[in-house]
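Asker:
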Amino acid sequence: MRTEPPTSAPAAAPPVPRGALARLLDGDLFHSFIRSPITVLSALVVLAILVAALLAPVIAPQNPFDPATLNLMDGFTRPMQANEFTGNVYWLGTDAQGRDLFSAILYGSRVSILVGFAAVAFAAVLGITLGLVAGYRGGWVDSLIMRVADVQLSFPAILVALLIFGVFKGVVPPALHDKAAIYVLILAIGLSDWVQYARTVRSSTLAERNKEYVQAARVIGVPAPTILLRHILPNVMGPVLVIATIGLALAIILESTLSFLGVGVPPTQPSLGTLIRVGQDYLFSGEWWIVLFPGLTLLLLALSVNLLGDWLRDALNPRLRR
Amino acid sequence: MNVPHIDQMNAGGGLPLLSVRRLRVEFPSRRGTLLALDDVSFDIARGEVLGVVGESGAGKSLTGAAIIGLLEPPGRIAGGEILLDGEAIHELSGEAMRRLRGRRIAMIFQDPLTSLNPLYTVGEQLVETMLTHLELTPAAARERALALLDEVGIPAPAQRIDHYPHQFSGGMRQRVVIALALCAEPELIIADEPTTALDVSVQAQIIALLRRLCRQHHTAVMLVTHDMGVIAETADRVAVMYAGRVVEIGPVDEVVRAPAHPYTRGLMGAIPVLGDEVERLVQIDGAMPRLDAIPPGCAFHPRCAAAFARCRIECPELQPAGATRAACWLYAPAEMAEGGGR
Amino acid sequence: MSIIERALAKAKQQDRAAVEDAEGLVHRAQADPGADVGPARGPGDAPDVGEGTALPATATATAPGARDETPRDVGPAGEPQGRELAPAQLPAPRLAPTGAEDAMASAPAAPAAAAARRVRDPGAAAPLLRVEDLRCAFDVSRPWLERLLAREPRRWLRAVDGVSFAIPRGRTFALVGESGCGKSTVARLIVGLHEPSAGRVVFDGRDLAEVRGSAERQKLRRRFQMIFQDPYASLNPRWRVERIIAEPIRVFGLEKDDAAIRARVAGLLGQVGLSPADGAKYPHEFSGGQRQRICIARALANRPEFLVCDEPTSALDVSVQAQILNLMRDLQDALGLTFLFISHDLAVVRHMADEIGVMYLGRIVEIATSRRLFERPRHPYTRMLLATIPDFSRRGRADDAVRGEVPNPITPPTGCTFHPRCPLADARCRQEVPALRELDDGGRVACHAVEEGRDNLEAGS
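From first to last, the protein sequence lines stand for chains A, B and C. My numbering puts the first sequence at residues 172 to 493. My numbering puts the second sequence at residues 709 to 1050. My numbering puts the third sequence at residues 2 to 462.
1. Who are the Cβ neighbours of C:E243 in its own chain at under 6 Å, not counting the five residues just before and after it?
2. Helix, strand or coil for A:F431? Go by DSSP, reduced to three states.
3. Roughly how many angstroms lie between the CA atoms of C:H352 and C:P391, to the nearest whole one?
4. Using a C-beta to C-beta distance shorter than 7 Å, which residues of chain B count as neighbours of C:V403?
5. Decide if A:A239 is buried, meaning its Cβ has at least 16 other Cβ atoms within 10 Å, or exposed.
6. I believe B:V728 touches B:L779 by the beta-carbon criterion, under 8 Å. Please report the beta-carbon distance rounded to the nearest angstrom.
7. Is there contact between the region 387–397 of chain A and the region 214–234 of chain C, where contact requires at least three CB pairs shorter than 8 Å?
8. Who are the near neighbours of C:A369 in its chain, counting only those whose CB is closer than 6 Å to its CB and skipping five residues on each side?
9. Going along the region 387–402 of chain A in order, which residues come within less than 8 Å of chain C, judged by CB to CB distance?
10. Beta carbon of B:A887, beta carbon of B:V860: below 9 Å?
11. Could you work out which residue in A:W460, A:A486, A:V366 is closest to A:A328 when comparing CA atoms only?
12. By the criterion of Cβ-Cβ separation under 7 Å, what are the contact partners of A:Y384 in chain C?
13. Roughly how many angstroms separate the alpha carbons of C:A36 and C:A151, rounded to a whole number?
14. Are B:G673 and B:V932 close, meaning C-beta to C-beta below 9 Å?
15. Anyone know if the C-beta pair for C:C296 and C:L341 falls short of 9 Å?
16. Let me see if you follow: with CB-CB separation under 9 Å, is A:N254 close to chain C or not?
17. Just to make sure I have the definition right: I need the residues of chain C whose C-beta is within less than 7 Å of the C-beta of A:P405. Which are they?
18. So what does DSSP say about A:T210, is it helix, strand or coil?
19. Taking the alpha helix (DSSP H) that C:D311 belongs to, which residues open and close that run?
20. Should C:P391 be flagged as near chain B, meaning a C-beta pair shorter than 9 Å?
21. So with Cβ pairs under 9 Å, would you call C:R222 a contact of chain A?
22. From B:G977, B:L982, B:P997, B:A995, pick the residue whose C-alpha is nearest to that of B:L989; which is it?
23. Can you name the residues of chain B whose CB is closer than 8 Å to the CB of C:S180?
24. Terminal residues of the continuous alpha helix (DSSP H) containing C:E376?
25. Please list, in chain order, all residues of the same chain as B:V696 whose beta carbon is under 7 Å from its beta carbon, the five residues on each side excluded.
26. Is there at least one Cβ from chain B nearer than 9 Å to C:G289's Cβ?
27. With a CB to CB cut of under 8 Å and the five nearest residues on each side skipped, what residues in its chain are close to B:Y1002?
28. Kindly identify the DSSP beta-bridge partner or partners of B:P1028.
29. Enumerate in chain order the residues of its own chain whose CB-to-CB distance from C:C430 is below 6 Å, with the five nearest sequence positions on each side excluded.
30. Counting along the chain, where does the alpha helix (DSSP H) carrying B:F1016 start and finish?
31. Mind checking if C:V349 is an interface residue toward chain B, Cβ cutoff 9 Å exclusive?
32. Would you say B:G958 faces chain C, with C-beta separation under 9 Å as the test?
33. For my contact list, C:L1 and C:E306 are in at a C-beta cut-off of 8 Å; report their separation, rounded to the angstrom.
34. Of all the options B:R738, B:H1009, B:D747, B:L745, which has the alpha carbon lying nearest to the alpha carbon of A:R206?
35. Tell me whether B:F817 sits in a helix, a strand or coil according to DSSP, three-state version.
36. Please specify which runs of the alpha helix (DSSP H), each continuous and at least 4 residues long, are wholly inside the region 739–815 of chain B, giving them in chain order.
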């Protein structure tokens, strides 16, 4: 009565190995991306700004920070209008020195984005490491790290950054200020931002540490650093990705704020924040475009990155819960 | 297609309290529509305990959710009907369903903590439920709440009525949930794995309590569980589900003693029992198919030792098989069996 | 059967008297607001106080058809078989013995082991694992500052409180009990996931606490393995199956090159009834039963002699549970494995174990051979547990054979911790902790009533 062997059964869903791209395109993540027009738009905006910033030397009509290319006669040209003296037309107008604002924004975005990414990377590495150690070791190590994090959180990020800048100004000789400023900026933003990563990673680590696959590794004597790196880290990266995206927007804004306050990048290498600071001097004399366009760019960039982060959080969440 | 004479074995005859007819539940997804329940039919008579048993993913909890109108979107009833006392309730509006819920059909969930609001005392929750559904004065409701807590075996109910859920142990909490389910005197209680989260010694007490109370209050129960032991001790009749269908239904004693469907037979043989010392347990090889990969014909055929050609093509309906009814071609009347198969 | 039934009836009568009292006590204890850490739920890294038996809601069956080579046991078509006819007669497929395991004279080779199992007579063989007066307490105090403000002392949860047993080579010893009884903590103590507060774990004559040096420790670790309860949590979701199974091989350096590792992984997959091609998949592509097979393959990867199985089937559906239990017994017979089997399910334990220890609130209250325990349960708690097992031959069970709940393990009752639920408890039980005493039938019971002959079991039978 025994008919055929059961091997005829699993005919459905053959496990054909597919390429990573095919899997991605078929994945839930991609699907939820495509179904959200705002997200697609945000991604396009971010992509456009990134590409434009990257290719600034190619795209920009002039190098705005090479004094040789500037013509003082072009100063205060209104957007899309011919200059009354030279007859030159600039899309977004010029500033007091006759600098093309479009070019300035492209170059400024470069600095802003560079600082943003670097600061996020620095904060993430620091925060993830401390979070993993705190969550896995527990006990006094955990208490120490998390208390430091608490103290850090009780200061506004901007104050922390200002403090670090103050120390830097006091310690480093003035000759090096301009050169090192950008690194200090990255350090300052990174140090003011690691706490979120540490907290998130710590709580995920606490959850993963008690899962049986980690215990199974402990039973056979896998050393703790290996467990952290190979087993736990890949499983806590989901939430980190979300924080990092939103953190990128925050870092870019923080950089601009610091530059606006005059403690950021030097005017020789201006970022969006520097442009805004310079531009606001002319706001009340009627030259509104000098502050408006860098400001809009910053807004667009930060908003788009934030929207991407929000989508990522929502898209990853049900998967994590499942 | 002949009119399905579904389940003539309900106690007493007359109109069944709950009648589920050819219920179909779908989950539309972007990879196609998943058929989670297909052609599910059964009756529950007044005061009867129907056990619904199956492995995880068989659709047993979904059946309960569909009856009480709590299908999680995007799940939807795509066909068939649910009749409560002859009245179609699957088409009721959200508001009408809400009035029905708790009043005529109550629900008991697996985890007692999630069915109780941690911010209110158990007394407040009982009184509120009663005031919503019954015409009682608050004082009378509290009086009734006390009596109910006493009835479900809470010691010193006069003090415990003012305690919060977290002050009760797991078993006591489930007793409170049972009191909550009973407090509006519903006609039907749907109990979804009511004992799964509890310790074995507490399980036994809760089952005994549920059985006793429902008998006293003449409440019908649909007992959803994966545990055949719970069914054997509590239910009058049992429906065995597999891959979204009822594969066997009949009186508990018969199904336990002489299961007809090969799946039920395997299921019963797989349970280790104390009496006999066997070297090996009966095992059904493989696993239940996923909803997106339900094989054609009888969904059980790839795991069935008795499967023959017809099983791979045609899906069997419930048909008389000894003292029970089984959805299996083995029990097809000879004149219906095309070519005999074997 | 009849003896059990009589025991049930007996317990039913006796329980009736003491019930009100017992329940009251238990629930006053549990409702004690001070002691309210929730019913037996510790902090984050808590001990095993809450072994949930809940099935994961997502436990949908996967992949059509596991590749089992085992013959199908469903009766022949056309003649519906009752469960009485359950085909135990079918020859169990035996896996090829890999042999070479029997270092000790008494260690039986595969066929002998199978024979010994049928006799179910532990003893004779020298113990592979011995546990002596094992204790483990967890600090469940509130944080230091809160404790200081509330003027509270430190609080300890004595998860394991003086547990001793021995497991002969090639046999299965089971620990049964309800949540919070400490059975999983014992398992974790043995494999080194927790440090014991006191007591010894002696493996093959060596005290594990005295093994110094990581190389020595790894040498010993190579010889035992653990299988966990939840097959959904015990496989790293980001790793491919072959990497998961190869992990022990790599950690212990058992194979030189990747090709050898791959061959060994393929062999292991075949051994547990999966196909070598499954190695390239991720865990989420498998059903619960298949995942547990992967866990078993991983546990066998370093050729252990001793396996700790912590509720290996309680997250699985019953038909899949049968597959896994059969597989484990086949592997035991083929490889001469020794099992410590942890479960809350008495029927499963009855099926698997040669000897059984019943635990209640951190202590073993009764140890006996499987047969003796089920035919003549002595401890009132054992009898109560037996009364919870559904009996398919008889509908409806005594309403009040079983009473009360496990008390909060942080504030256990005085004396015999079972006394609030025990129909036989008297003043002595409330004050004095009973010791585990040997009975004339070879079992051991920790009960004053049994010692004094108040348990009345004989009169009923």
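Cβ coordinates follow ideal geometry from the N, Cα and C atoms, glycine included.
Answerer: On the basis of the supplied data:
1. Within the third sequence, residue 243 of chain C is the residue found at index 242, counting from 1. Counting only Cβ-Cβ distances below 6 Å, and skipping sequence neighbours, we find V266, G280.
2. By 1-based counting over the first sequence, the position of residue 431 of chain A is 260. Helix.
3. Taking the first residue of the third sequence as position 1, residue 352 of chain C is located at position 351. Taking the first residue of the third sequence as position 1, residue 391 of chain C is located at position 390. Taking the straight line from one Cα to the other gives about 15 Å.
4. As a working note, residue 403 of chain C is residue 402 in the third sequence. Those within 7 Å of C:V403 in chain B are S909, A912, Q913.
5. The sequence position of residue 239 of chain A within the first sequence is 68, counting from 1. Burial call: exposed.
6. To locate residue 728 of chain B, count along the second sequence from 1; it is residue 20. To locate residue 779 of chain B, count along the second sequence from 1; it is residue 71. About 14 Å separates the two Cβ atoms, so there is no contact after all.
7. yes
8. Counting from 1 along the third sequence, the entry for residue 369 of chain C is found at position 368. Here the set comprises G444.
9. A387, A388, R389, V390, I391, G392, V393, H402
10. Residue mapping note: residue 887 of chain B aligns to position 179 of the second sequence, counting from 1. Residue mapping note: residue 860 of chain B aligns to position 152 of the second sequence, counting from 1. Yes, the Cβ-Cβ distance between B:A887 and B:V860 is below 9 Å.
11. Mapped onto the first sequence, residue 328 of chain A falls at position 157. Taking only the C-alpha atoms, the option nearest A:A328 is A:V366.
12. The residue given as residue 384 of chain A occupies position 213 in the first sequence. Ordered by position in chain C, the residues that pass the 7 Å Cβ test against A:Y384 are A234, S235, L236, N237.
13. By 1-based counting over the third sequence, the position of residue 36 of chain C is 35. By 1-based counting over the third sequence, the position of residue 151 of chain C is 150. Bear in mind that a pLDDT of 39 at C:A36, under 50, signals an unreliable position, so the model cannot answer this.
14. With chain B covering only 709 through 1050, there is no way to say anything about residue 673 of chain B.
15. Indexing the third sequence from 1 puts residue 296 of chain C at position 295. Indexing the third sequence from 1 puts residue 341 of chain C at position 340. Their beta carbons are not under 9 Å apart, which means C:C296 does not touch C:L341 by this criterion.
16. As a working note, residue 254 of chain A is residue 83 in the first sequence. Not closer than 9 Å to any Cβ of chain C, the Cβ of A:N254 fails to qualify, so no.
17. As a first step, residue 405 of chain A is located in the first sequence; it is residue number 234 there, counting from the start. The contacting residues are R239.
18. Here residue 210 of chain A is taken as the residue at index 39 of the first sequence, counted from 1. A:T210: helix per DSSP, three-state reduction.
19. Sequence index remark: in the third sequence, residue 311 of chain C carries index 310 (1-based). Note, C:D311: premise wrong, no alpha helix (DSSP H); beta strand (DSSP E) at 307–311.
20. Translated into positions along the third sequence, residue 391 of chain C becomes position 390. Yes, C:P391 lies at the interface with chain B (some Cβ there is under 9 Å from its Cβ).
21. Mapped onto the third sequence, residue 222 of chain C falls at position 221. Judged by the 9 Å Cβ criterion, C:R222 is in contact with chain A.
22. Start at 1 with the first residue of the second sequence, and residue 989 of chain B comes out as number 281. The shortest C-alpha separation from B:L989 is found at B:G977.
23. Position 179 of the third sequence, counted from the start, is the residue given in the question as residue 180 of chain C. The contacting residues are D907.
24. One-based indexing of the third sequence puts residue 376 of chain C at position 375. It spans 371–376 - the alpha helix (DSSP H) in which C:E376 sits, taken as one unbroken run.
25. As shown, chain B starts at 709 and ends at 1050. That puts residue 696 of chain B outside it, with no answer to give.
26. Numbered from 1 along the third sequence, position 288 holds the residue referred to as residue 289 of chain C. Answer yes: the Cβ-Cβ gap between C:G289 and chain B drops below 9 Å somewhere.
27. Taking the second sequence and counting its residues from 1, the one referred to as residue 1002 of chain B is at position 294. Checking the sequence, you will find Ile at residue 1002 of chain B rather than Tyr. The answer, listed in chain order, is L743, A951, G952.
28. As a working note, residue 1028 of chain B is residue 320 in the second sequence. The partner list for B:P1028 (beta bridge, DSSP) reads B:R1033.
29. Translated into the one-based positions of the third sequence, residue 430 of chain C becomes position 429. Result list for C:C430: G416, C417, H420, H449, in chain order.
30. As a working mapping, residue 1016 of chain B is identified with position 308 in the second sequence. Taken as a continuous stretch (DSSP letters only), B:F1016 belongs to no alpha helix (DSSP H), as it is neither H nor E.
31. Residue 349 of chain C sits at position 348 when you count from the first residue of the third sequence. For C:V349, the answer is yes, since a Cβ of chain B falls inside 9 Å of its Cβ.
32. Along the second sequence, one-based indexing puts residue 958 of chain B at 250. No, B:G958 does not count as interfacial toward chain C.
33. With chain C covering 2 to 462 only, the question about residue 1 of chain C has no answer from this structure.
34. Position 35 of the first sequence, counted from the first residue, corresponds to residue 206 of chain A. Of the listed residues, the one whose Cα sits closest to A:R206 is B:R738.
35. To locate residue 817 of chain B, count along the second sequence from 1; it is residue 109. Looking at B:F817 - three-state DSSP - the assignment turns out to be coil, as it is neither helix nor strand.
36. 768–775, 802–808
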